[in-house]
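The structure under discussion appears below in the form of structure tokens.
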Amino acid sequence: MNMNMNHMSRNMPIFDADNFDYWKSRIKAIMRSVGEEIWDSCILGYTRPMKIVGNKPVQKTASELSITEKSLLQANNCALYILFAAVDINEHRKVANCEIAKEALAILVTCHEGTDIVKQSKLQRLTTEFETIKMQEEETFNQFYSKLIAIVNSCENLDEVREKYNKLHVFSKKLIEASEKLSDKIKKLENILNERTQESDERNKEIELLLEKNKALTARDRSKDKSEDDTQTGTKVLDHIMSIQRRPGDRSTLGYHATSSTPSIGRKETKRQGKKTNVNDMQNMINSHMTKKQMATKDSSPLR
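Under my numbering, the first residue of the sequence shown is numbered 634, with each subsequent residue one higher.
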């Protein structure tokens, strides 16, 4: 491990806040070349061994560590050394107080890659670029391949959120499918509602027509009833007039002539059987009544 560390220190990439993805991939390769447990220390973390003294947990000293515990501590220290040696002074200030390699790497990742939300946004953007990438007419195959590999490598550097993104992507697809099914159901319901609305409008029109017809029939019936009432009223008035000062045995206007007690049976009389008195008969009755009244007046006047 010491030979690897010496060789590594001469080729250490220095991170200066630019090209974090490139720097991170190189640091990962360097740590794994020294020992797989070193990179595991950055991923899994390191927990200080503890012992119980007086019912209280106390950190173990170096001499109290077991061989396994010493191996884990050495892997953490080696990973922390590589991180400190691979950043410039400005980045070192951000992790100077860290004693756990995982914590130091997490600070750098958060500062330059963002939180999980930012990572998901980047991964979504890269996925869109990968799905829509096309080879331009003026570029060569090597240029196109390099562009494609750059997208893939950028996605590889976001492996911490890839699983979450994949789950989210699957969930979003299911959500889209459910939304499409829901849209189909909504369209069917809208069609049914439109059909029922049309049926309701047609029924309302039919009801309006029936109401208009009913109003017309009612108005016509009222006009007919009024005409019949007027006829009956006229007949009653005429009967009253004819009953005034009628002499005993005078049967005029009852089918007899005014000067004769013989019933006048003729063509006109035959047509009036079973019908109401028409206007001409009424006029004849009135004239007969006026004649009788004049004769009665002459008879009652004093002799000169």
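Where a beta carbon is used, it is the ideal one built from N, C-alpha and C, also for glycine. What you are looking at is a predicted structure, and each value in this text was computed from that prediction instead of being measured.
On the DSSP bridge assignment, give the partners of residue i in chain order.
{"i": "Ile685", "result": "Pro690"}
{"i": "Val728", "result": "None; Val728 has no bridge partner."}
{"i": "Val720", "result": "Phe648"}
Could you check where the alpha helix (DSSP H) with residue i kicks off and where it finishes?
{"i": "Ser696", "result": "Element bounds for Ser696: n/a, residue is neither H nor E."}
{"i": "Lys661", "result": "653–667"}
{"i": "Glu770", "result": "Per DSSP, Glu770 belongs to no alpha helix (DSSP H) and is neither H nor E."}
{"i": "Thr680", "result": "Thr680 -> no alpha helix (DSSP H), and no H or E assigned at all."}
{"i": "Ile740", "result": "734–746"}
Going by beta carbon distance, what residues of the same chain come within less than 6 Å of residue i, once the five residues before and after it are set aside?
{"i": "Val691", "result": "Lys684"}
{"i": "Thr924", "result": "none"}
{"i": "Asp649", "result": "Asp721"}
{"i": "Ile671", "result": "Met664, Ala708, Cys711, Ala712"}
{"i": "Phe653", "result": "His745"}
{"i": "Leu850", "result": "none"}
{"i": "Met645", "result": "Ala718, Ala719"}
{"i": "Ile733", "result": "Tyr679"}
{"i": "Arg659", "result": "Pro646"}
Between residue i and the rest of its own chain, which residues show a CB-CB distance below 8 Å, the 5 nearest in sequence each way excluded?
{"i": "Ile740", "result": "Lys727, Val728, Cys731"}
{"i": "Gln769", "result": "Phe777"}
{"i": "Leu705", "result": "Glu670, Ser674, Tyr679"}
If you run the structure through DSSP and keep just helix, strand and coil, what is residue i?
{"i": "Tyr714", "result": "helix"}
{"i": "Ile671", "result": "helix"}
{"i": "Asn917", "result": "helix"}
{"i": "Arg836", "result": "helix"}
{"i": "Thr924", "result": "helix"}
So, for residue i: in the same chain, excluding its five sequence neighbours on each side, which residues have a beta-carbon less than 7 Å away from its beta-carbon?
{"i": "Pro682", "result": "Lys693, Leu698, Glu702"}
{"i": "Ala737", "result": "Leu713, Leu716, Val728, Cys731"}
{"i": "Lys661", "result": "Trp672"}
Contact the region 699–713 vs the region 666–677: 3+ CB pairs below 8 Å: yes
Cβ pair count under 8 Å reaching 3, the region 652–671 against the region 758–765: no
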